[in-house]
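Undergrad: I'd like to ask you about the structure that follows.
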Amino acid sequence: MRLEYMKKFLLILSACALIAVVGIATYYGVFNSTKPQKYEYMYGYYKTVTFDSPPLPACPSGQQFGDFMTVASKEELGERIANASKLLEKDEKGLELWETPFGRYWMPPDNFIVFTWILAELAADIYGDHSVGVRPGDIVLDCGAHVGVFARHALRQGAKLVVAIEIAPDNIEFLERNLADEIASGSVIVYPKGVWDKDDTLELNVDTYTAGHSVILEREEGFATVSVPLTTIDKIVDELGLPRVDFIKMDIEGAERNALAGATNTLYRFKPRMAIAGYHLIDDLTVLPEIALNAQPMYKACLLESDWAYSNVIIFQ
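The sequence shown begins at 1 in our numbering and counts up one residue at a time.
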């Protein structure tokens, strides 16, 4: 009899131990078939930020990057563009004129490979396709106009006027060379200031590659700085007497949040479609939509996500 009780006791003890083990394992997720999904996005120089859920919905598939994304990476597509391009001349300053599949461009020496990546991004509709990007008759603000690639693209899409806003003195010279005919015809206005949340003067951290100048992001030690003037988008619109703003492209190396804060009146009055770089600062994907929606609550935002570094763009419409 005592042996029977002992067997029952051991059986109950074993069952309790098993239940305890299962409970602990379940608590720590040992038996979960899938771990909670994490969402990772690129920002800065090959850094990543992780969210438990997507900070923004993905843009509809029809608005995603063009066919080039399916056939080549950024570097591969850039190489194809480079192979289809040729150096036409160098001037007395050493500045280079290149013939590319997207037209002729003046640029500084030793910048051509990075420049082909910029052309590759344009080929992939990084700032939105015809459904959310530039449309015929648009008045466009190109914030961070660089040497004029997007401005020329916008005109080809039918833009009536492009205001090419550029902060870097060296880039302004290239803009004026590359868009000389368009400036003469009145379809492009070069505005030689940066966009910010107030009138100011700040030090611009000069990047070796002219697409990376920034008043926010630090560059390698020893890089030059230059004082540059800043103003707001609202003041630019008033100063130029623009009747409306239809589209804003903005890629200004981490200053996007400040520029949006200086555009609240423009966003509220005109609700322009926007393509804003969302990959410079760690919280861009949450902060930039918040600023835009505070100015214009009717905006809907989605993310054009790319596996390319520095290529996640927030679309507002």
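Every residue, glycine too, gets a C-beta built ideally from N, C-alpha and C.
Do residue 188 and residue 204 have their C-beta atoms within less than 8 angstroms of each other?
TA: Against the sequence shown, residue 188 aligns to sequence position 188. Against the sequence shown, residue 204 aligns to sequence position 204. No.
Undergrad: Of all the options 285, 170, 144, which has the alpha carbon lying nearest to the alpha carbon of residue 162?
TA: The residue labelled residue 162 in the question sits at position 162 within the sequence shown. For residue 162, the nearest C-alpha among the options comes from 144.
Undergrad: Assign residue 100 to one of three DSSP states: helix, strand, or coil.
TA: Position 100 of the sequence shown holds residue 100. The answer is strand: DSSP assigns residue 100 an E or B state.
Undergrad: Exposed or buried, residue 312, counting other C-beta atoms within 10 Å across all chains shown (16 or more means buried)?
TA: Indexing the sequence shown from 1 puts residue 312 at position 312. Its Cβ being crowded by 16 or more others within 10 Å, residue 312 is buried.
Undergrad: Is it the case that the Cβ atoms of residue 82 and residue 51 are separated by a distance below 8 angstroms?
TA: Taking the sequence shown and counting its residues from 1, the one referred to as residue 82 is at position 82. Taking the sequence shown and counting its residues from 1, the one referred to as residue 51 is at position 51. Contact flag unset, no.
Undergrad: Once the 5 residues before and after residue 249 are set aside, which same chain residues still bring their CB inside 6 angstroms of it?
TA: Along the sequence shown, one-based indexing puts residue 249 at 249. So the list reads 127, 142, 150, 275, once near-sequence residues are dropped.
Undergrad: Residues in its own chain within less than 6 angstroms of residue 231 by CB, not counting five upstream and five downstream?
TA: Walking along the sequence shown from the start, residue 231 turns up at place 231. Hits under 6 angstroms: 193, 199.
Undergrad: Between residue 139 and the rest of its own chain, which residues show a CB-CB distance below 7 angstroms, the 5 nearest in sequence each way excluded?
TA: Translated into positions along the sequence shown, residue 139 becomes position 139. So the list reads 160, 161, 242, 244, 245, 246, once near-sequence residues are dropped.
Undergrad: Please classify residue 278: does DSSP put it in a helix, a strand, or coil?
TA: In the sequence shown, the residue the question calls residue 278 occupies position 278. Here residue 278 sits in coil by DSSP.
Undergrad: Taking the Cβ atom as the reference point for each residue, do residue 262 and residue 314 lie within a distance shorter than 8 angstroms?
TA: Here residue 262 corresponds to residue number 262 of the sequence shown, with the count starting at 1. Here residue 314 corresponds to residue number 314 of the sequence shown, with the count starting at 1. No, Cβ-Cβ distance for residue 262 and residue 314 is not below 8 angstroms.
Undergrad: Quick check on the DSSP output: the beta strand (DSSP E) that includes residue 203 runs from which residue to which?
TA: The residue given as residue 203 occupies position 203 in the sequence shown. Counting along the chain, the beta strand (DSSP E) containing residue 203 begins and ends at 200-205.
Undergrad: Based on the DSSP secondary-structure assignment, which residues constitute the bridge partners of residue 229?
TA: As a position in the sequence shown, residue 229 is number 229, starting the count at 1. Answer is 201.
Undergrad: Helix, strand or coil, according to DSSP, for residue 273 in the structure here?
TA: One-based indexing of the sequence shown puts residue 273 at position 273. Note: residue 273 maps to strand in three-state DSSP.
Undergrad: For residue 304, which of helix, strand or coil comes out of DSSP?
TA: Looking up residue 304 in the sequence shown gives position 304. DSSP places residue 304 in strand when its eight states are reduced to three.
Undergrad: Among 57, 148, 177, whose alpha-carbon lies nearest the alpha-carbon of residue 91?
TA: Position 91 of the sequence shown, counted from the start, is the residue given in the question as residue 91. The candidate whose alpha carbon is nearest that of residue 91 is 177.
Undergrad: Thinking residue 134 and residue 164 are a contact (beta carbons under 8 angstroms), I'd like their distance in whole angstroms, please.
TA: Reading the sequence shown from its first residue, position 134 is the one you call residue 134. Reading the sequence shown from its first residue, position 164 is the one you call residue 164. Residue 134 to residue 164, Cβ: 13 angstroms. No contact.
Undergrad: What I want to know is whether the C-beta of residue 304 ends up closer than 7 angstroms to one or more non-hydrogen atoms of the ligand NAD.
TA: Here there are no bound small molecules, and the ligand NAD is not part of this structure.
Undergrad: To the nearest angstrom, report how far apart residue 299 and residue 94 are at their CA atoms.
TA: Numbered from 1 along the sequence shown, position 299 holds the residue referred to as residue 299. Numbered from 1 along the sequence shown, position 94 holds the residue referred to as residue 94. When rounded, the distance between both Cα atoms is 46 angstroms.
Undergrad: Given that a residue counts as buried once 16 or more other Cβ atoms are within 10 Å of its Cβ, and exposed if not, what is residue 283?
TA: Stepping through the sequence shown from its first residue, residue 283 is reached at position 283. Exposed, by the Cβ-count rule.
Undergrad: Can you name the start and end residues of the alpha helix (DSSP H) that residue 120 belongs to?
TA: Start at 1 with the first residue of the sequence shown, and residue 120 comes out as number 120. Here the alpha helix (DSSP H) through residue 120 covers 112-123.
Undergrad: For the alpha helix (DSSP H) containing residue 149, list its first residue and its last residue.
TA: As a working mapping, residue 149 is identified with position 149 in the sequence shown. Element bounds for residue 149: 149-156.
Undergrad: Run through the DSSP bridge pairs and tell me what residue 239 is partnered with.
TA: Indexing the sequence shown from 1 puts residue 239 at position 239. According to DSSP, which records beta bridges pairwise, residue 239 is partnered with nothing at all.
Undergrad: Does residue 182 come out as helix, strand or coil in the three-state DSSP assignment?
TA: What you label residue 182 is simply residue 182 of the sequence shown in a count that begins at 1. Residue 182: helix per DSSP, three-state reduction.
Undergrad: Are the CB atoms of residue 288 and residue 257 within a distance shorter than 8 angstroms?
TA: By one-based count along the sequence shown, residue 257 stands at place 257. By one-based count along the sequence shown, residue 288 stands at place 288. Their beta carbons are under 8 angstroms apart, which means residue 257 touches residue 288 by this criterion.
Undergrad: What residue range does the alpha helix (DSSP H) around residue 291 cover?
TA: Translated into the one-based positions of the sequence shown, residue 291 becomes position 291. It spans 284-295 - the alpha helix (DSSP H) in which residue 291 sits, taken as one unbroken run.
Undergrad: Taking all protein chains shown into account, decide if residue 152 is buried (16 or more other Cβ within 10 angstroms of its Cβ) or exposed.
TA: What you label residue 152 is simply residue 152 of the sequence shown in a count that begins at 1. Residue 152 comes out buried.
Undergrad: Measuring alpha carbon to alpha carbon, tell me which of 41, 237, 80, 97 ends up nearest residue 58.
TA: Here residue 58 corresponds to residue number 58 of the sequence shown, with the count starting at 1. Comparing Cα positions, the closest option is 41.
Undergrad: Rounded to whole angstroms, what is the Cα-Cα separation between residue 102 and residue 119?
TA: Numbered from 1 along the sequence shown, position 102 holds the residue referred to as residue 102. Numbered from 1 along the sequence shown, position 119 holds the residue referred to as residue 119. If I take the Cα positions, the gap works out to 8 angstroms.
Undergrad: From 254, 236, 260, 75, pick the residue whose C-alpha is nearest to that of residue 197; which is it?
TA: One-based indexing of the sequence shown puts residue 197 at position 197. When each option's Cα is compared against that of residue 197, the closest is 260.
Undergrad: Tell me the DSSP secondary structure of residue 194 in three-state form.
TA: One-based indexing of the sequence shown puts residue 194 at position 194. Residue state, collapsed to three classes: strand.
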